[in-house]
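S.K.: Pasting a structure here, questions to come.
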Amino acid sequence: MRILLVDDDPAIRKLCATALVRLGHEVVPCRNGREALGQLHTGFDLALCDIGLPDINGFDVIRAIKEHAPGLPVIVISALDQEEWGKKATEAGADHFMAKPLRLSALRNEVAMAARAQAHLMVCLQDPDADHRLALQAAFSRGGCHVRVVEVPADAMDGATPELLIVDANSPGVEAVVRWAGAHGIHCFVLVRSPRSYDDRLLRMGASLILQKPVDPEALLLQAGFLSAR
């Protein structure tokens, strides 16, 4: 992978870059936010970003990264308290928070999961809302996934077994398909129009996530990748 590394501490940059290069990744180290933003046009598969940068607020850097590349995973590396600052990082667009001092084994694991998250998934998609369905289908296709669209949930059980199943909660037969997915170890995302009392029941049946429409396609693609990687 091509990794953007943003940290003002030269020791951290050297430590992370050396470890990741040894694993076969290409690392572009940046000592501040301006350098990082100037590199975005060159394209990356993952960003590691400190919050306490000398020139630009780290949260603003994360927001800029996500605005430029919504599907780019961003992992925060920071000495700040995770409980206090982790939520703010997530709100800015970060996908994960790693506390300093960094453990190289943990860093390697997170980067490996990010790499697996970008592996091509076989997705089965069922959504009666045509515009919403097309947006999801386009996002997953751009992400390199093979997408099969079915009219009703039960059709997902025919043909090749998907790695990810996305179904609409109001479609007929959805509960049987959720159970089938759970029994076969298939990640199943259920789309709902509004929070309902049956959400917990669907989760107990085997659903991985309950998601309220409309769903951000790029965010869903990223979430699907990380969930599959884990």
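Per this note's numbering: the sequence shown = residues 177 to 406.
From the three backbone atoms N, C-alpha and C, an ideal C-beta is built for every residue, glycine too.
#1: Is LYS242 buried or exposed, if buried means 16 or more other CB atoms sit within 10 Å of its CB?
#2: Give the secondary structure of SER370 by DSSP, where H, G and I count as helix, E and B as strand, and everything else as coil.
#3: Would you tell me roughly how many angstroms separate the C-alpha atoms of LEU256 and LEU224, rounded to the nearest one?
#4: For the beta strand (DSSP E) holding ALA223, just list the boundary residues, first then last.
#5: Which residues bound the beta strand (DSSP E) around CYS206?
#6: What span of residues does the beta strand (DSSP E) with ARG324 cover, start to end?
#7: If you measure between the beta carbons of LEU297 and ILE342, is that distance less than 8 angstroms?
#8: For VAL299, list the residues DSSP reports as bridge partners.
#9: Using the C-alpha atoms, what's the distance from PRO249 back to ALA270?
#10: Just to confirm the assignment, what range does the alpha helix (DSSP H) spanning VAL354 have?
#11: Alpha carbons only, please: which of SER370, LEU396, PRO371, PRO390 is nearest the one belonging to CYS364?
#12: Considering only residues of the same chain and omitting the five flanking positions on each side of GLU339, which have a CB-CB separation below 8 angstroms?
#13: Consult DSSP for ARG178 and reduce its assignment to one of helix, strand or coil.
#14: When the Cα of HIS272 is compared with those of SER370, GLN258, ARG279, which residue comes out closest?
#15: What separation, rounded to the nearest whole angstrom, lies between the Cα atoms of LEU283 and HIS244?
#16: Leaving out five residues before and five after ASN208 in sequence, what residues of the same chain have Cβ atoms less than 8 angstroms from its Cβ?
#17: Taking the alpha-carbon positions, what's the CYS206 to LEU180 distance?
#18: Measuring straight from C-alpha to C-alpha, what distance separates VAL391 and GLN313?
#19: Looking only at C-alpha atoms, which of VAL354, GLU394, ALA195 sits nearest to ILE386?
#20: Buried or exposed for GLN399, please, with buried defined as at least 16 other CB atoms from any protein chain shown within 10 angstroms of its CB.
#21: Name the residue from HIS308, ASP226, ALA357, ARG198 whose alpha carbon lies nearest to the alpha carbon of VAL368.
#22: Locate the beta strand (DSSP E) running through ALA275, then write down its first and last residues.
M.R.: Walking through what the data contain:
#1: Along the sequence shown, one-based indexing puts residue 242 at 66. Classification of LYS242: buried, given that the 10 Å Cβ count is 16 or more.
#2: Position 194 of the sequence shown holds residue 370. Coil.
#3: Working through the sequence shown from its first residue, we reach residue 256 at position 80. Working through the sequence shown from its first residue, we reach residue 224 at position 48. The alpha-carbon atoms of LEU256 and LEU224 are separated by roughly 15 angstroms.
#4: Start at 1 with the first residue of the sequence shown, and residue 223 comes out as number 47. Per DSSP, ALA223 belongs to the beta strand (DSSP E) from 222-225.
#5: Position 30 of the sequence shown holds residue 206. Where CYS206 is concerned, the enclosing beta strand (DSSP E) stretches over 202-206.
#6: Locating residue 324 in the sequence shown gives position 148, where the first residue counts as 1. Counting along the chain, the beta strand (DSSP E) containing ARG324 begins and ends at 322-325.
#7: Within the sequence shown, numbered from 1, the residue matching residue 297 stands at position 121. Within the sequence shown, numbered from 1, the residue matching residue 342 stands at position 166. Cβ atoms of LEU297 and ILE342: not closer than 8 angstroms.
#8: The count along the sequence shown starts at 1 and reaches residue 299 at position 123. DSSP output for VAL299 lists VAL323, LEU340 as bridge partner(s).
#9: Here residue 270 refers to the residue found at position 94 of the sequence shown. Here residue 249 refers to the residue found at position 73 of the sequence shown. In a straight line, the C-alpha of ALA270 is about 7 angstroms away from that of PRO249.
#10: Residue numbering aside, residue 354 sits at position 178 when the sequence shown is read from its first letter. Counting along the chain, the alpha helix (DSSP H) containing VAL354 begins and ends at 350-359.
#11: In the sequence shown, counting from the first residue as 1, residue 364 sits at position 188. Closest by alpha carbon: LEU396.
#12: Locating residue 339 in the sequence shown gives position 163, where the first residue counts as 1. The answer, listed in chain order, is LEU297, MET298, VAL299, ILE362, HIS363, SER404.
#13: Position 2 of the sequence shown, counting from 1, holds the residue named residue 178. If DSSP states are grouped into helix, strand and coil, ARG178 belongs with the strands.
#14: Residue mapping note: residue 272 aligns to position 96 of the sequence shown, counting from 1. Answer by Cα proximity: GLN258.
#15: In the sequence shown, residue 283 corresponds to position 107, counting from 1. In the sequence shown, residue 244 corresponds to position 68, counting from 1. C-alpha separation (whole angstroms): 24 angstroms.
#16: Indexing the sequence shown from 1 puts residue 208 at position 32. Closer than 8 angstroms at Cβ, skipping near neighbours: VAL182, ASP184, LEU229, PRO230, ASP231, ILE232.
#17: As a working note, residue 206 is residue 30 in the sequence shown. As a working note, residue 180 is residue 4 in the sequence shown. Computed Cα separation, rounded: 8 angstroms.
#18: Stepping through the sequence shown from its first residue, residue 391 is reached at position 215. Stepping through the sequence shown from its first residue, residue 313 is reached at position 137. So the two alpha carbons sit approximately 12 angstroms from each other.
#19: Taking the first residue of the sequence shown as position 1, residue 386 is located at position 210. When only C-alpha atoms are compared, the closest one is VAL354.
#20: For the purposes of this step, residue 399 is identified with residue 223 of the sequence shown, where counting begins at 1. Buried, because 16 or more other Cβ atoms sit within 10 Å of the Cβ of GLN399.
#21: Looking up residue 368 in the sequence shown gives position 192. Among HIS308, ASP226, ALA357, ARG198, the Cα nearest to that of VAL368 belongs to HIS308.
#22: In the sequence shown, the residue the question calls residue 275 occupies position 99. Element bounds for ALA275: 272-275.
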